[in-house]
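Working notes, structure below.
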Amino acid sequence: MKITILNGNPQESSFDAYLNEIQDQLEDKGSQVTHILLRELPLKYCTGCWGCWVKTPGNCQADSASQEMDEAVINADFVLWAAPMKMGYPSELLKMAMDKHLPLIHPYMEVDQFEAHHLKRYVRYPRLGLVVEKEASTDDHDLQITTQMFQRTALNFKSGLYFSLTSETPVSELVERIMEQSAKPLAMPTTPQPTKGTALTPVESITFFNGSPRGERGNSAIFLQKLAEGFGGESKMVNLVNINATAEHVQAFREAKAVWLAFPLYTDSMPGVVKHFIEALEPLVGQNGNPPIGFIVQSGFPEGLHSRFVERYLEKLADRLGSAYLGTIVKGNGEGVRIMPDNMNKKLFDGLLSLGNNLANGEPLNPATLASIAKPESFPKVLAPVFKVFLKLPIAHSYFDGMLKKNGVYEKRFDRPFVKQE
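Numbering (my numbering), first residue to last: 67 to 488.
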C-alpha cells in the first residue's frame with residue numbers, strides 16, 4: 067500500500083513520535099509511507115483565485131509546495147490526516163493544507179447522495195482517515211463535530227472517512243485500521259438543524275470580521291456591508307486575510323461591543339486564514355467580557371445544508387469563548403452575489419438589511435428571514451434526476467467554461483497533472 071501522512075502538528079511534540087511509530091509499523095508491514103511534515107512545507111494560503119480550475123487546470127501554480135503535497139495525496143491508497151486539536155478543531159496548518167486539495171477535484175457540479183457536489187477529476191481517490199491529539203478542553207462534542215465535518219470533506223473528495231480517532235488509540239490498532247482494505251467508511255451523518263441564537267442587547271457598534279481569502283473583493287464583504295447597513299449604527303470592518311496584522315485583529319475582537327464573522331465555506335469548514343484567527347483568540351478563553359458573536363457562512367453550493375456542519379462548530383466556538391451566540395446566517399449560491407446586478411440580489415439584500423435591523427432593535431435573528439436566505443436548504447429527492455440532467459447541459463458549466471475559454475485552457479479542463487496510476 068502507498069500511504070501518505072499529512073502531519074499538521076505546528077511544532078515538534080510527542081504527537082510526532084506517535085505518528086513516526088505509525089509510519090514504522092506500516093513500513094514493517096511492507097507499505098510505502100510518505101510522511102509530510104506540513105510545518106516544513108512552505109505552503110501558502112488558498113486565496114480563492116481559482117487558477118487551479120481555470121488557468122492551469124488541476125494545478126496550483128501559485129504554490130509549488132502544494133503541488134508536491136497533492137501529488138503524494140492523489141497517488142496514495144490511503145491518506146491519514148493528522149493534527150492536534152486547536153480551539154475545538156484540527157490545527158490551522160492541516161486546514162491550510164486541506165484547502166490546497168482543491169485542484170484535485172473539478173469545478174463542474176454533479177449530484178451525489180441527492181446533493182450538489184463537485185465532479186471528480188481523477189479516476190480514483192485514496193481512502194481517508196483522521197487522527198487528532200486532544201487539547202485540554204476537547205470533549206466528545208468537539209470530536210463529533212470534527213468527525214462529521216471531515217466526513218463531509220471526504221464526500222466532496224470523492225472518498226469516505228474510514229475512521230476518526232485520537233492519539234489515545236494504540237498505534238497497532240490504528241495501523242490495522244489503515245491496512246484493513248475491506249473496511250467500509252463511517253456512515254454519513256444526518257444534516258443538523260439550524261442553530262438558534264440569542265438576542266443582542268442593543269449596542270452602539272459592531273465589529274465585522276471579513277474572513278474571505280479574497281479580502282474586500284470577496285462575497286463575504288458584501289454580506290457584511292448589507293448587515294451593517296441594516297444595523298445602522300457605528301461599525302468597523304476587519305479583513306482577516308492580512309494575517310500579518312493578527313495581533314491587531316485580536317485586539318479589535320477584545321475591544322468590540324459585538325462581533326460578526328463572515329467567511330466562505332472552504333472544504334466544508336472555515337478557510338485557513340479564519341482558522342488562523344480563531345487559534346489566535348485562544349488567550350481570551352476563560353476571560354470575562356468577550357463580545358457576543360454571530361456568523362455568516364456562504365458557499366458556492368446551491369443548498370444551505372452544506373454549511374450546517376460548520377455552523378455547529380461556530381456555536382460551540384462562541385461557548386468556548388464565553389461569548390453570547392447570536393446565530394449563523396447561511397447562504398448557498400453565495401459565489402454569484404458579486405457578479406450579479408443588485409436587482410437580482412434584492413431579496414438577499416433585503417433579508418440581510420432586515421437581520422441587521424433585528425440587531426439594532428435588540429431582537430433575535432428572525433427565523434423566517436434566516437430560512438428564506440438559506441433556501442434551498444436541500445432539493446427534494448424526486449428532483450435529483452432532473453438536476454442531474456441539468457448539470458449535463460452546457461449552461462450549467464457556462465460560468466467556468468467562460469473563464470476556461472478566456473484563458474485558452476478549455477481543452478485542458480479535465481487534465482490530471484499528478485496522475486501516476488489510475
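In this text, a Cβ means the ideal position worked out from N, Cα and C, and glycines have one as well. Since the model is a prediction, treat every value here as computed from it, not as a measurement.
Are there three or more Cβ pairs, one per stretch, closer than 8 Å when the region 135–146 is compared with the region 314–327?
no
Along the alpha helix (DSSP H) that carries residue 364, what are the first and last residues, could you check?
Element bounds for residue 364: not the alpha helix (DSSP H) but the beta strand (DSSP E), 359–364.
Which of the three DSSP states, helix, strand or coil, is assigned to residue 372?
helix
Residues bridged to residue 21 (per DSSP)
Here the chain has residues from 67 to 488 only, and residue 21 is not among them.
Quick one: grab the DSSP three-state call for residue 325.
strand
How many angstroms separate the CA atom of residue 232 from the CA atom of residue 467?
43 Å
Buried or exposed: where does residue 459 fall if 16 or more other Cβ atoms within 10 Å of its Cβ makes it buried?
exposed
Residue 261 beta carbon less than 8 Å from that of residue 393
yes
Going straight from the alpha carbon of residue 67 to that of residue 126, what length do you get?
27 Å
Using CA coordinates, which residue listed in 381, 313, 136, 332 is at the minimum distance from residue 326?
381
Would you list, in sequence order, the uninterrupted alpha helix (DSSP H) runs of no fewer than 4 residues that lie entirely inside the region 381–408?
none
In the DSSP assignment, the alpha helix (DSSP H) including residue 161 goes from what residue to what residue?
158–165
Strictly by DSSP, which residues pair up with residue 102?
72
Counting Cβ pairs closer than 8 Å, one from the region 144–152 and one from the region 190–208, do we hit at least three?
yes
Taking DSSP as the reference, what is the three-state secondary structure of residue 152?
strand
Assigned secondary structure, residue 488 (DSSP; H/G/I helix, E/B strand, else coil)
Low confidence applies here, because residue 488 scores a pLDDT of 48, under 50, leaving its location unreliable; read the following figure in that light. Here residue 488 sits in coil by DSSP.
Identify every residue that forms a DSSP beta bridge with residue 197.
148, 231
Helix, strand or coil for residue 330, going by three-state DSSP, please let me know.
strand
Evaluate residue 218 with the Cβ neighbour count: other Cβ atoms within 10 Å of its Cβ, from every protein chain shown; 16 or more gives buried, anything less gives exposed.
buried
From residue 369 to residue 174, what does the alpha carbon distance come to, in whole angstroms?
15 Å
On the CB-based measure, 16 or more other CB atoms within 10 Å of its CB, does residue 488 come out buried or exposed?
In this prediction, residue 488 scores a pLDDT of 48, lower than 50, which makes its location untrustworthy; the coordinate-derived value is nonetheless stated afterwards. Counting Cβ neighbours within 10 Å, residue 488 comes out exposed, since fewer than 16 surround it.
What distance in whole Å lies between the Cβ atoms of residue 481 and residue 123, which are believed to be in contact at a cut-off of 8 Å?
5 Å
If you pair each beta-carbon of the region 261–280 with each one of the region 297–309, do three or more pairs fall below 8 Å?
yes
DSSP state of residue 132 mapped onto helix, strand, coil:
helix
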